[in-house]
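One structure is given below, encoded as structure tokens.
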Amino acid sequence: GPITLVIHGGAGNILRENLTPEKEAAYRERLTAALDSGYAVLERGGKSTDAVIAAIRIMEDSPLFNAGKGAVFTSEGINELDAAIMDGSNLMAGAVAGVTTIKNPITAAYAVMTKSEHVMLTGKGAEKFAEEQGLDIVPNSYFFDSTRYQQLLKAKANEKNREAQWIDPYIKDKKFG
Amino acid sequence: TVGCVALDQYGNLAAGTSTGGMTNKKYGRVGDAPIIGAGTYAENATCAVSGTGWGEFYIRLSAAHDIASLMKYSNLSVQQAADSVILKKLPALGGNGGAIVLDRQGNFAFPFCTSGMYRGYITRKGEGKVFIFK
Numbered sequence: 001g002p003i004t005l006v007i008h009g010g011a012g013n014i015l016r017e018n019l020t021p022e023k024e025a026a027y028r029e030r031l032t033a034a035l036d037s038g039y040a041v042l043e044r045g046g047k048s049t050d051a052v053i054a055a056i057r058i059m060e061d062s063p064l065f066n067a068g069k070g071a072v073f074t075s076e077g078i079n080e081l082d083a084a085i086m087d088g089s090n091l092m093a094g095a096v097a098g099v100t101t102i103k104n105p106i107t108a109a110y111a112v113m114t115k116s117e118h119v120m121l122t123g124k125g126a127e128k129f130a131e132e133q134g135l136d137i138v139p140n141s142y143f144f145d146s147t148r149y150q151q152l153l154k155a156k157a158n159e160k161n162r163e164a165q166w167i168d169p170y171i172k173d174k175k176f177g
Numbered sequence: 001t002v003g004c005v006a007l008d009q010y011g012n013l014a015a016g017t018s019t020g021g022m023t024n025k026k027y028g029r030v031g032d033a034p035i036i037g038a039g040t041y042a043e044n045a046t047c048a049v050s051g052t053g054w055g056e057f058y059i060r061l062s063a064a065h066d067i068a069s070l071m072k073y074s075n076l077s078v079q080q081a082a083d084s085v086i087l088k089k090l091p092a093l094g095g096n097g098g099a100i101v102l103d104r105q106g107n108f109a110f111p112f113c114t115s116g117m118y119r120g121y122i123t124r125k126g127e128g129k130v131f132i133f134k
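Chains as they are written, first to last, in our numbering: chain P, 1 to 177; chain B, 1 to 134.
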């Protein structure tokens, strides 16, 4: 079949003038690594679900993207992660929401899909389930990224002036994944 | 947010999405990424979808499932269905973002209504490309 893999690393107010050549190169390198990782699974006859996990894990492990390590901060100053996966062959699906200690949330979503009778688990329950499944558990500090933390501080500073949030192009990005 | 859609040699589609949500979120806010049919959906009969953007709007539109439904019931192509939801319905409601969509024949689209989206594809011949800007 025509094996194919497509990825995204988030959409938003991404302008060339706001991205240094070094940063752009870093993004291109990680995106390529994610493509290669997922494609390697497909090329050796692996399943599409496994290819999806392989590609997403690369991006979750990179602080460049708002997922896994380098995720944005909540108002409480912690990282809260969500993930989902779906198998088009049988409409099986799994998801986790609001988890704070699962290193790769996409693997937890897959575990929910394949190892439970549920579709979505949240918070502490999802973390307990992931631990029982032998997934990598990390302290919340693992996800810390100083750039993201500065974004939180800036968002909080602007919180008192709601109007400013909508006209500040930097803060506008807080909505985006 | 990051996401991936894939088609394997057995003709099976899959979609996945992972995110940290939005900066400064409160009250246990959950976005579209873990909501099946909003930010993530896959069905061999139509397509696999992973979205990224202002999650509340993807939830209200059931965006990912809507793309699949347009292909199933209106017989639209991947590009037409994806464009209809991401470039028309989403901004009309006040939202924004993008999506990656892939069908069982290997046709794909990655529309977005923001100034950029980190994205890339790789096909059967191992030919891959990545893009950032419009």
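Beta carbons are placed, not taken as given, at the ideal position from N, Cα and C, and that holds for glycine. Just so you know, these numbers come straight off a predicted model, no measurement behind them.
Chain-order list of residues whose beta-carbon lies under 8 Å from that of residue i (same chain, five-residue window excluded)
{"i": "B/Thr114", "result": "Gly53, Asn96, Gly97 and Gly98"}
{"i": "P/Leu112", "result": "The sequence shown places Val at residue 112 of chain P, rather than the Leu named in the question. Taken in chain order, the residues that qualify are Gly94, Ala95, Val96, His118, Val119, Met120, Leu121, Ala126 and Phe129."}
{"i": "P/Phe73", "result": "Asn79, Arg148, Tyr149, Gln151 and Leu152"}
{"i": "P/Ser37", "result": "Ala54, Ala55, Arg57 and Ile58"}
{"i": "P/Pro105", "result": "Glu60, Ala67, Gly68, Leu81, Asp82, Ala83, Val96 and Val99"}
{"i": "P/Ile167", "result": "The predicted position of P/Ile167 is uncertain, since its pLDDT is 48 and thus under 50; a value taken from the coordinates is nonetheless stated next. There are no such residues."}
{"i": "B/Leu87", "result": "Pro111 and Cys113"}
Within chain B, partners of residue i - CB distance below 7 Å
{"i": "P/Tyr27", "result": "Tyr118 and Ile132"}
{"i": "P/Glu72", "result": "Checking the displayed sequence, the identity of residue 72 of chain P turns out to be Val instead of Glu. Result: Gly20, Gly21, Met22 and Thr23."}
{"i": "P/Ile106", "result": "Gly16 and Ser18"}
Where the beta strand (DSSP E) containing residue i begins and where it ends
{"i": "P/Thr107", "result": "Taken as a continuous stretch (DSSP letters only), P/Thr107 belongs to no beta strand (DSSP E), being part of the alpha helix (DSSP H) at Pro105 to Lys115."}
{"i": "B/Thr138", "result": "With chain B represented from 1 up to 134, any question about residue 138 of chain B goes unanswered, as that position is not in the structure."}
{"i": "B/Tyr121", "result": "Gly116 to Ile122"}
{"i": "P/His8", "result": "Thr4 to Gly12"}
{"i": "B/Lys129", "result": "Gly128 to Phe133"}
{"i": "B/Ile100", "result": "Gly97 to Asp103"}
{"i": "P/Thr100", "result": "Careful: P/Thr100 lies outside any beta strand (DSSP E) and carries neither H nor E."}
{"i": "P/Asp87", "result": "Leu81 to Asp87"}
Residues near residue i by beta carbon distance below 6 Å, same chain, minus five either side
{"i": "P/Ala157", "result": "none"}
{"i": "B/Val2", "result": "Ser18"}
{"i": "B/Ile35", "result": "Ile59"}
{"i": "P/Met92", "result": "Met113"}
{"i": "P/Ser62", "result": "Arg30"}
{"i": "B/Tyr10", "result": "none"}
{"i": "P/Tyr39", "result": "Leu5"}
{"i": "P/Pro2", "result": "none"}
{"i": "P/Gly134", "result": "none"}
Beta-carbon spacing of residue i, residue j below 9 Å
{"i": "P/Lys69", "j": "P/Glu80", "result": "no"}
{"i": "P/Leu31", "j": "P/Leu5", "result": "no"}
{"i": "B/Phe112", "j": "B/Arg119", "result": "yes"}
{"i": "P/Gly94", "j": "B/Gly28", "result": "no"}
{"i": "B/Ala82", "j": "B/Ser74", "result": "no"}
{"i": "B/Gly31", "j": "B/Met22", "result": "yes"}
{"i": "B/Val5", "j": "B/Ala48", "result": "yes"}
{"i": "B/Leu7", "j": "B/Gly126", "result": "no"}
{"i": "B/Ala64", "j": "B/Ser77", "result": "no"}
{"i": "B/Ala45", "j": "B/Lys89", "result": "no"}
{"i": "B/Ala109", "j": "P/Ser48", "result": "no"}
{"i": "P/Ile7", "j": "B/Ile100", "result": "yes"}
{"i": "P/Arg28", "j": "B/Val130", "result": "yes"}
Residue burial classification, residue i (beta-carbon count within 10 angstroms, cutoff 16)
{"i": "P/Leu121", "result": "buried"}
{"i": "P/Leu42", "result": "buried"}
{"i": "P/Gly177", "result": "With a pLDDT of 47 at P/Gly177, under the threshold of 50, the predicted position of this residue should be treated as unreliable, though the coordinate-derived value follows. Label assigned to P/Gly177: buried."}
{"i": "P/Thr20", "result": "exposed"}
{"i": "P/Leu15", "result": "exposed"}
{"i": "P/Asp136", "result": "exposed"}
{"i": "B/Lys25", "result": "buried"}
{"i": "P/Ala164", "result": "For P/Ala164, the predicted model reports a pLDDT of 49, less than 50, meaning its position is unreliable; a value from the coordinates is still stated below. With fewer than 16 other Cβ atoms within 10 Å, it is exposed."}
{"i": "B/Glu43", "result": "buried"}
{"i": "P/Tyr142", "result": "exposed"}
{"i": "B/Gly20", "result": "buried"}
{"i": "P/Pro169", "result": "Only weak support is given to the placement of P/Pro169: the predicted model assigns it a pLDDT of 48, under 50, and the value that follows is read from those uncertain coordinates. By the neighbour-count rule (16 or more Cβ atoms within 10 Å), P/Pro169 is not buried but exposed."}
{"i": "P/Asn18", "result": "exposed"}
Chain B residues whose Cβ lies nearer than 9 Å to that of residue i
{"i": "P/Gly45", "result": "Asp8, Gln9 and Tyr10"}
Close beta carbons around residue i, own chain, < 7 Å, minus the five adjacent residues each side
{"i": "B/Ile132", "result": "Gly116 and Tyr118"}
{"i": "P/Val138", "result": "Thr101 and Lys103"}
{"i": "B/Gly128", "result": "Gly120, Tyr121 and Ile122"}
{"i": "P/Asn140", "result": "Ile78, Asn79, Thr100 and Thr101"}
{"i": "B/Ser62", "result": "Gly37 and Ala38"}
{"i": "B/Gln79", "result": "Ala109"}
Beta-carbon neighbours of residue i, restricted to chain P and to distances below 7 Å
{"i": "B/Ala42", "result": "Met86, Asp87 and Gly88"}
{"i": "B/Leu13", "result": "Ser48 and Gly88"}
{"i": "B/Leu102", "result": "Thr4 and Val6"}
Host alpha helix (DSSP H) of residue i (start-end)
{"i": "P/Gly125", "result": "Gly123 to Glu132"}
{"i": "P/Lys23", "result": "Pro21 to Glu43"}
{"i": "B/Ser69", "result": "Ala63 to Tyr73"}
{"i": "B/Thr40", "result": "B/Thr40 -> not in any alpha helix (DSSP H); beta strand (DSSP E) instead, spanning Thr40 to Ala42."}
Chain B residues whose Cβ lies nearer than 8 Å to that of residue i
{"i": "P/Ser75", "result": "Asn24, Lys25 and Lys26"}
{"i": "P/Tyr39", "result": "Ile122, Gly126 and Gly128"}
{"i": "P/Ile14", "result": "Thr114, Ser115, Gly116, Met117, Tyr118, Ile132 and Phe133"}
Per-residue contacts from residue i into chain P (C-beta, under 8 Å)
{"i": "B/Ala92", "result": "What B/Ala92 touches in chain P: nothing, since even the nearest Cβ is about 17 Å away."}
Contacts of residue i in chain P (Cβ-Cβ under 9 Å)
{"i": "B/Leu85", "result": "Before going on, a small fix: residue 85 of chain B reads as Val here, not Leu. Going along chain P, no residue has its Cβ under 9 Å from B/Val85, so there is no contact; the nearest lies around 14 Å."}
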